[in-house]
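First to last, the protein sequences are chains A and F. So the first sequence is residues 1 to 135, counted in the numbering used here. So the second sequence is residues 1001 to 1241, counted in the numbering used here.
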Amino acid sequence: MAHAEGHHTPAAAHGHAAAGGHKIEGQQHPLGIYFKIWGLLFVLSAASYAVDYFHVQGYLRWGLILVFMLLKAGLIVAVFMHMLWERLAMVYAILLPPILLMTLVWIGAGEADYTFFTRNTFFGPAAAAPPAKHP
Amino acid sequence: MTQPALASTGQPAPLAEGVQGIVADWSSDQRAFKNVPWGKAMMWIFLLSDTFIFSSFLISYMTVRMSTQAPWPNPSEVFALVIAGKSIPLILIAIMTFVLISSSGTMVLAVNYGYRKDRKMTFIFLILTAILGATFVGMQAFEWSKLILEEGVRPWGNPMGAAQFGASFFMITGFHGTHVSIGVIFLIIVAIKVLRGDLDTQKAGFMTGRKGNYEMVETMGLYWHFVDLVWVFIFAVFYLW
């Protein structure tokens, strides 16, 4: 935690320095970082398309797709949406709820088995014959 | 006794950083989000609520996809296009992805030039973003009509496999396409404001008494990047999965 704070301080101080001299001018950053991230997003998109194009299958496929997806999402939120330079109170207020949603995604994936069994019971081929009645 | 010192310099006290900063911000008077224009904070809150809407779509899609009896149609083949006599898998979606990422890049440039008060460049990049967004919607319209008219995909069934494919597809991409379309409209509105100099003269908006300023461009940018962000997730879990 202490590490994360130390990391954040220079970025925030950068905002303060801008505020010190003149009026606050919002998120002012050199153009270079945007072009770098832009290029990186293109490369990552091309890479995730390549996963499909070259028919990578199995766990490698899911792994690559998810890694590229999370990297792209992270870059967009951090740099393009300026989350990297916001105050922590806002960063946590916005980013914690979606992380909690991930728990729901995880539970949903776990419960999908039961949905599948229920479907099989009622709509599957076995369901064509009426289930045996309990005495 | 720090207060007299503060009064004498006339400067606000420096804001605390780290965990202490979080506690200080959230327990402070009047507003929790420091150093952020109100409109921007509220845009973030709106985007958070939108995240929940798209998440519910994606979670229900995931559950449905994992639990269908009939095999799920292979997106790689469904969204293939025949170009120059060769069938290229998923090519239309790949192009759409690149178009949207390009628009995100032009948007971020518009925000940057906006803060430099460069009216002309801001306008050019906003309009470029709107054009790329409109291109995306156009390609989506093409994709939908191809799927509906040629492949016979309906929300209640399709000839290729699991009936839930159509419902998930139209719901998720339809909702996303609506977001893009609304974004394009607002991009054009903000671009016109920039061109007229409304943001320099702090002219109030059409439906609000709030004064115009260049932070509006960044708020607009947040919405647009969010649309791109949602597409990143849709592209991964719906098209590539």
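Using N, Cα and C, we set each Cβ at its ideal position, and we do this for glycine too. In this text the structure is predicted, and so the values were computed from the model without any measurement.
Length of the line joining the Cα atoms of residue i and residue j
i	j	result
A:Gly32	F:Gln1069	50 Å
A:Gly39	F:Asn1213	30 Å
A:Leu104	F:Ser1056	9 Å
F:Tyr1113	F:Arg1119	8 Å
F:Phe1046	A:His29	25 Å
F:Leu1147	A:Phe54	24 Å
F:Leu1015	F:Ser1028	11 Å
F:Thr1135	A:Ile94	30 Å
F:Val1023	F:Ala1013	16 Å
A:Met1	A:Leu75	Residue confidence for A:Met1 is low, a pLDDT of 36 falling below 50, so the modelled location carries little weight; the figure read from the coordinates is stated next. Distance between the alpha carbons of A:Met1 and A:Leu75 is about 21 Å.
F:Phe1052	A:Leu66	19 Å
A:Gly21	F:Val1137	Interpretation of A:Gly21 is limited by its pLDDT of 38, a score under 50 that renders its predicted location unreliable; the figure taken from the coordinates is listed afterwards. Roughly 44 Å between the two C-alpha positions.
A:Leu44	F:Gln1140	22 Å
F:Ala1094	F:Tyr1239	10 Å
A:Leu88	F:Glu1017	8 Å
F:Leu1081	F:Trp1231	20 Å
8 Å Cβ cutoff, residue i in contact with chain A
i	result
F:Val1036	yes
F:Asp1025	yes
F:Pro1155	no
F:Asn1158	no
F:Leu1128	no
F:His1179	no
F:Gly1018	yes
F:Glu1218	yes
F:Gly1105	yes
For residue i, the first and last residue of its enclosing alpha helix (DSSP H)
i	result
A:Leu84	That residue, A:Leu84, is in no alpha helix (DSSP H); it is neither H nor E in DSSP.
F:Ile1088	No alpha helix (DSSP H) contains F:Ile1088, which is instead part of the beta strand (DSSP E) from Lys1086 to Ile1088.
A:Leu40	Leu31 to Tyr53
F:Gly1018	Gly1018 to Trp1026
A:Gly58	Unbroken run through A:Gly58: none, as it is neither H nor E.
F:Thr1208	Counting along the chain, F:Thr1208 falls outside any alpha helix (DSSP H), and DSSP gives it neither H nor E.
F:Ser1049	Trp1038 to Met1066
Neighbour flag for residue i against chain F, beta carbons, 8 Å
i	result
A:Leu40	no
A:Leu66	yes
A:Gly26	yes
A:Ala112	yes
A:Ala89	yes
A:Lys72	yes
Span of the beta strand (DSSP E), counted from its first residue to its last, around residue i
i	result
F:Ile1148	Unbroken run through F:Ile1148: none, as it is neither H nor E.
F:Val1184	Run containing F:Val1184: none in the beta strand (DSSP E); it sits in the alpha helix (DSSP H), Gln1164 to Arg1196.
F:Ile1083	Leu1081 to Ile1083
Same chain only: Cβ atoms within 7 Å of residue i, ignoring 5 sequence neighbours per side
i	result
F:Ala1130	Val1184, Leu1187, Ile1188 and Ala1191
A:His82	Gln27
F:Leu1126	Ala1110, Leu1187, Val1190, Ala1191 and Val1194
Same chain, Cβ closer than 8 Å to residue i, neighbours up to 5 away in sequence not counted
i	result
F:Val1237	Leu1058, Tyr1061 and Met1062
F:Met1224	Here residue 1224 of chain F is Trp; the residue named in the question, Met, does not match the sequence. Around F:Trp1224: Ser1103, Ser1104, Met1107, Thr1129, Gly1133, Gly1183 and Leu1187.
F:Gln1202	Lys1211, Gly1212 and Asn1213
F:Gly1157	Ala1163 and Gly1166
Where residue i falls, given that 16 or more other Cβ within 10 Å makes a residue buried
i	result
F:Ile1083	exposed
A:Gly110	exposed
A:Asp113	exposed
F:Gln1164	buried
F:Phe1206	exposed
F:Leu1100	buried
F:Pro985	Nothing in the structure corresponds to residue 985 of chain F, since chain F is present only between 1001 and 1241.
F:Met1042	exposed
F:Thr1251	Absent from the model: residue 1251 of chain F. The displayed extent of chain F is 1001 to 1241, so no value can be given.
A:Trp106	exposed
F:Phe1226	buried
Beta-carbon proximity list for residue i, same chain, < 6 Å, skipping 5 on both sides
i	result
F:Asp1025	Ala1032 and Lys1034
A:Lys23	Any answer about A:Lys23 is weak, because its pLDDT of 46 lies below 50 and its placement is not dependable; what the coordinates show is given next. Result list for A:Lys23: empty, nothing under 6 Å.
F:Thr1160	Checking the displayed sequence, the identity of residue 1160 of chain F turns out to be Met instead of Thr. Excluding positions up to five away in sequence, the list reads Pro1073.
A:Val77	Met83
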